[in-house]
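In our numbering, the protein residues as written are 14 to 398. By construction, the Cβ of each residue, glycine as well, lies at the ideal position given by its N, Cα and C atoms. Note that this is a predicted model, so its numbers are computed, not measured. Inspection log for the structure reproduced underneath, given as structure tokens.
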Amino acid sequence: MENIAILGSTGSIGQSTFGVVDRLKHRFSVVGLAAGRNTRLLQEQIEKYKPKIVSLERKEEAEELRRKCDVSSLRITFGQDGAEEVASFEESDIVISAITGINGLRPTVASIKAGKKVALANKESMVVAGPLIKALARKSGSQIIPVDSEHSGVFQCLAKERKEFVKRVVLTASGGPFFRTALSEMKKKTVEEALKHPRWEMGKKVTIDSATLMNKGLELIEARWFFDLQPKQLEILIHPQSIVHSLVEMNDGSVLAQPSPTDMKIPIQYALTYPERENGLLPSLDLSKIKALEFFEVDQNKFPLVSLSRRALEEGDSFPVALNAANEVVVGDFLKNRLKFLDISDVIKSALNGHKKRKIESLEDIFEVDWETRAETLRLLKERF
Ligand SMILES: NC(=O)c1ccc[n+]([C@@H]2O[C@H](COP(=O)([O-])OP(=O)(O)OC[C@H]3O[C@@H](n4cnc5c(N)ncnc54)[C@H](OP(=O)(O)O)[C@@H]3O)[C@@H](O)[C@H]2O)c1
Numbered sequence: 014m015e016n017i018a019i020l021g022s023t024g025s026i027g028q029s030t031f032g033v034v035d036r037l038k039h040r041f042s043v044v045g046l047a048a049g050r051n052t053r054l055l056q057e058q059i060e061k062y063k064p065k066i067v068s069l070e071r072k073e074e075a076e077e078l079r080r081k082c083d084v085s086s087l088r089i090t091f092g093q094d095g096a097e098e099v100a101s102f103e104e105s106d107i108v109i110s111a112i113t114g115i116n117g118l119r120p121t122v123a124s125i126k127a128g129k130k131v132a133l134a135n136k137e138s139m140v141v142a143g144p145l146i147k148a149l150a151r152k153s154g155s156q157i158i159p160v161d162s163e164h165s166g167v168f169q170c171l172a173k174e175r176k177e178f179v180k181r182v183v184l185t186a187s188g189g190p191f192f193r194t195a196l197s198e199m200k201k202k203t204v205e206e207a208l209k210h211p212r213w214e215m216g217k218k219v220t221i222d223s224a225t226l227m228n229k230g231l232e233l234i235e236a237r238w239f240f241d242l243q244p245k246q247l248e249i250l251i252h253p254q255s256i257v258h259s260l261v262e263m264n265d266g267s268v269l270a271q272p273s274p275t276d277m278k279i280p281i282q283y284a285l286t287y288p289e290r291e292n293g294l295l296p297s298l299d300l301s302k303i304k305a306l307e308f309f310e311v312d313q314n315k316f317p318l319v320s321l322s323r324r325a326l327e328e329g330d331s332f333p334v335a336l337n338a339a340n341e342v343v344v345g346d347f348l349k350n351r352l353k354f355l356d357i358s359d360v361i362k363s364a365l366n367g368h369k370k371r372k373i374e375s376l377e378d379i380f381e382v383d384w385e386t387r388a389e390t391l392r393l394l395k396e397r398f
């Protein structure tokens, strides 16, 4: 048996992970869970999976859970320290890291320092701390397997290839709900419309990132560090069917691709069982039913966050941290209906234009840049609205 800790257990990736674990009961047992504020769902998960340690974002919810869950053998903790404790829990072998945003960074780092096998969904960790995370993993022997479907695709394509033969990597994007919407129409788009993703069911933050294509920009940066590639080797194509998750072109002209049905349980299961595989739970991919696989270039006018992300990718150092921080603040405000869809990219652009690059050598450096950029982005929002 392998013991799993799920960080972000009440979220979309967390719940898909249970879908995988339920089918592979002979192999996996859940020992730790970390959630945000959804006490009700966490309680259900505790009753079903009987973990030994759980954490919630705040003390209030942890106390509420202690009152409701009278299990003396269960440790209930809270806050970033609590999530870190779950992430490094000594009885776990595998950690699935799926807390949203930079809040997932410290727990991810804790699991890496503890030498766990980490199935990494929290892309923001790799975006803001790629080189630090890779160095920590080398030191502790922790193995990091991507969960993002595109990165899982690249990982699988490169499993038996040597890096020096890779010419370029193409990450595909569905294009989100506004791929076929005219720019003039996009300014009228509401939160509800932006949350209607055509292909994937995900948490709110990543769904808005998919509508602006910031998600793909973050994934470019994530891929740079995951696969140790140069920025110019990384490209994006819109692929509305979301079947081919990535393409890897080798120097001899061969192009390797990883197509599979559009369901996160596939990359989650792959990450959990790697380097082995288990039987899948979905029907086989039937390309004759899909008929057409289309690919388009990104319209930079409609989706300016892609070129802004590329700028952050090329600048490196603190730029990806600033990009991520500004995005988290602005998307949070958009979800509260405080600004319009096209304001998202405008405000992030202003925040990044004002950013002064500096070296990132520690987690403290990251949090300093993160806080400064958040404060500046809030100031920009206040000035504008
Ligand atoms: N969903 C996908 O298909 C997908 C695909 C690839 C990558 N990802 C990445 O995976 C991560 C999770 O995405 P998601 O779609 O699963 O998001 P989600 O549905 O919003 O779930 C986020 C999870 O994080 C928890 N959380 C939030 N803030 C927390 C905090 N401060 N402390 C502890 N837990 C906290 C939430 O808890 P509560 O709900 O209890 O508050 C929830 O369990 C993101 O980084 C995303 O980019 C997602």
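- prompt: Are the stretch 90-101 and the stretch 348-363 in contact at 8 Å, needing three or more beta carbon pairs?
  reply: no
Neighbourhood of Ser-162 by C-beta, 7 Å cutoff - its chain only, sequence neighbours within 5 removed: Translated into positions along the sequence shown, residue 162 becomes position 149. Excluding sequence neighbours, Ser-162 sits near His-258, Met-277, Pro-280.
message: For Ile-303, count the other beta carbons within 10 Å of its own beta carbon; 16 or more makes it buried, fewer makes it exposed. Which is it?
response: Indexing the sequence shown from 1 puts residue 303 at position 290. Looking at its Cβ environment, which holds fewer than 16 other Cβ atoms inside 10 Å, Ile-303 is exposed.
field: Per DSSP, the bridge partner or partners of Met-263
entry: By one-based count along the sequence shown, residue 263 stands at place 250. According to DSSP, Met-263 bridges with Val-179.
field: Chain-order list of residues whose beta-carbon lies under 7 Å from that of Ser-320 (same chain, five-residue window excluded)
entry: Looking up residue 320 in the sequence shown gives position 307. Result list for Ser-320: Gln-313, in chain order.
- prompt: Quick one: what does DSSP say Lys-173 is sitting in, helix, strand or coil?
  reply: Residue 173 sits at position 160 when you count from the first residue of the sequence shown. In this structure, DSSP gives Lys-173 a state outside helix and strand, which the three-state scheme calls coil.
- prompt: Can you tell me the Cα-Cα spacing of Ser-301 and Arg-212, whole angstroms?
  reply: Position 288 of the sequence shown, counting from 1, holds the residue named residue 301. Position 199 of the sequence shown, counting from 1, holds the residue named residue 212. The straight-line gap from Cα to Cα measures roughly 19 Å.
task: Leaving out five residues on either side along the sequence, give the residues of the same chain with a beta carbon under 8 Å from the beta carbon of Glu-248.
output: Your numbering for residue 248 matches position 235 in the sequence shown. Closer than 8 Å at Cβ, skipping near neighbours: Arg-181, Val-182, Val-183, Leu-184.
message: Please report the straight-line C-alpha distance between Ala-335 and Pro-296, rounded to a whole angstrom.
response: Numbered from 1 along the sequence shown, position 322 holds the residue referred to as residue 335. Numbered from 1 along the sequence shown, position 283 holds the residue referred to as residue 296. Roughly 42 Å separates the two Cα atoms.
query: Who are the near neighbours of Gly-95 in its chain, counting only those whose CB is closer than 8 Å to its CB and skipping five residues on each side?
result: As a working note, residue 95 is residue 82 in the sequence shown. Taken in chain order, the residues that qualify are Ala-47, Ser-68, Leu-69, Ala-75.
Unbroken alpha helix (DSSP H) run spanning Gln-313, endpoints: Numbered from 1 along the sequence shown, position 300 holds the residue referred to as residue 313. Element bounds for Gln-313: n/a, residue is neither H nor E.
task: Return the Cβ separation of Gly-49 and Thr-23 in integer angstroms, given the expectation that the two are a contact with Cβ distance under 8 Å.
output: In the sequence shown, counting from the first residue as 1, residue 49 sits at position 36. In the sequence shown, counting from the first residue as 1, residue 23 sits at position 10. That pair is a contact at about 7 Å.
- request: Can you say whether Met-14 is buried or exposed, counting buried as having 16 or more other CB atoms within 10 angstroms of its CB?
  value: The residue you call residue 14 lines up with position 1 of the sequence shown. That one is exposed.
message: Ala-127 and Ser-110 - do their beta-carbons sit closer together than 8 Å?
response: If you number the sequence shown from 1, residue 110 lands on position 97. If you number the sequence shown from 1, residue 127 lands on position 114. No, they are not a contact pair.
task: Specify, as a first and last residue, the run of the alpha helix (DSSP H) that Asn-228 falls within.
output: What you label residue 228 is simply residue 215 of the sequence shown in a count that begins at 1. First-last of the alpha helix (DSSP H) with Asn-228: 227-239.
- prompt: In the structure shown, what three-state DSSP assignment does Asn-340 receive?
  reply: Counted from its first residue, the sequence shown places residue 340 at position 327. Helix at Asn-340.
CA-to-CA distance, Leu-365 to Tyr-283, given in whole angstroms: Along the sequence shown, one-based indexing puts residue 283 at 270. Along the sequence shown, one-based indexing puts residue 365 at 352. In a straight line, the C-alpha of Tyr-283 is about 36 Å away from that of Leu-365.
- request: Take the Cβ of Ala-195 as the centre, count every other Cβ of all protein chains shown within 10 Å, and call the residue buried at 16 or more, exposed below.
  value: Taking the sequence shown and counting its residues from 1, the one referred to as residue 195 is at position 182. So Ala-195 counts as exposed.
task: Evaluate contact between the stretch 203-210 and the stretch 229-243, counting only Cβ atoms and requiring at least three cross-stretch pairs below 8 Å.
output: no
- prompt: DSSP state of Glu-137, grouped into three classes?
  reply: Translated into positions along the sequence shown, residue 137 becomes position 124. If DSSP states are grouped into helix, strand and coil, Glu-137 belongs with the helices.
message: Relative to the C-alpha of Asn-228, which candidate in Lys-136, Val-360, Pro-64, Ala-270 has its C-alpha closest?
response: In the sequence shown, residue 228 corresponds to position 215, counting from 1. For Asn-228, the nearest C-alpha among the options comes from Lys-136.
field: Cβ-Cβ separation, Lys-315 to Met-199 (assumed contact under 8 Å), whole Å
entry: In the sequence shown, residue 199 corresponds to position 186, counting from 1. In the sequence shown, residue 315 corresponds to position 302, counting from 1. The Cβ separation is near 7 Å, so the contact holds.
message: Please tell me whether Ile-125 and Ser-155 are closer than 8 Å, where the distance is taken between their beta carbons.
response: Along the sequence shown, read from residue 1 onward, the residue named residue 125 stands at position 112. Along the sequence shown, read from residue 1 onward, the residue named residue 155 stands at position 142. Cβ distance < 8 Å, so Ile-125 and Ser-155 count as in contact.
message: Given this structure, state the Cα-to-Cα distance separating Glu-97 from Thr-121, to the nearest angstrom.
response: Position 84 of the sequence shown, counting from 1, holds the residue named residue 97. Position 108 of the sequence shown, counting from 1, holds the residue named residue 121. Spanning the two alpha carbons is a distance of roughly 8 Å.
task: Tell whether a beta-carbon distance below 8 Å holds between Glu-307 and Gln-271.
output: If you number the sequence shown from 1, residue 307 lands on position 294. If you number the sequence shown from 1, residue 271 lands on position 258. It is not a contact, given that the beta carbons lie outside the stated cut-off.
message: Tell me the DSSP secondary structure of Phe-380 in three-state form.
response: Taking the first residue of the sequence shown as position 1, residue 380 is located at position 367. Reduced to three states, the DSSP call for Phe-380 is helix.
- prompt: For Glu-60, does the count of other Cβ atoms within 10 angstroms reach 16, so buried, or fall short, so exposed?
  reply: By one-based count along the sequence shown, residue 60 stands at place 47. Here Glu-60 is exposed, its C-beta having fewer than 16 other C-beta atoms within 10 Å.
field: Start-end ranges of the beta strand (DSSP E) lying completely within the stretch 193-228, minimum 3 residues
entry: none
query: How many whole angstroms separate the CB atoms of Pro-244 and Glu-327, which I take to be in contact at a CB cut-off of 8 Å?
result: Numbered from its first residue, the sequence shown carries residue 244 at position 231. Numbered from its first residue, the sequence shown carries residue 327 at position 314. Correct: roughly 5 Å between the Cβ atoms.
- prompt: Say the cut is 7 Å; is the CB of Trp-400 nearer than that to a heavy atom of ligand 1?
  reply: This structure leaves residue 400 out entirely; the chain is present only between 14 and 398.
Residues that DSSP places opposite Phe-41 in a beta bridge: Working through the sequence shown from its first residue, we reach residue 41 at position 28. Bridge partners of Phe-41 according to DSSP: Glu-15.
message: I'd like to check one pair, Val-343 with Val-261: are the Cβ atoms closer than 8 Å?
response: Looking up residue 261 in the sequence shown gives position 248. Looking up residue 343 in the sequence shown gives position 330. Not in contact: Val-261 and Val-343 (Cβ atoms no closer than 8 Å).
Reference Pro-190; option with closest CA among Lys-147, Ile-251, Val-160, Glu-232: Position 177 of the sequence shown, counted from the first residue, corresponds to residue 190. It is Ile-251 whose Cα lies nearest to the Cα of Pro-190.
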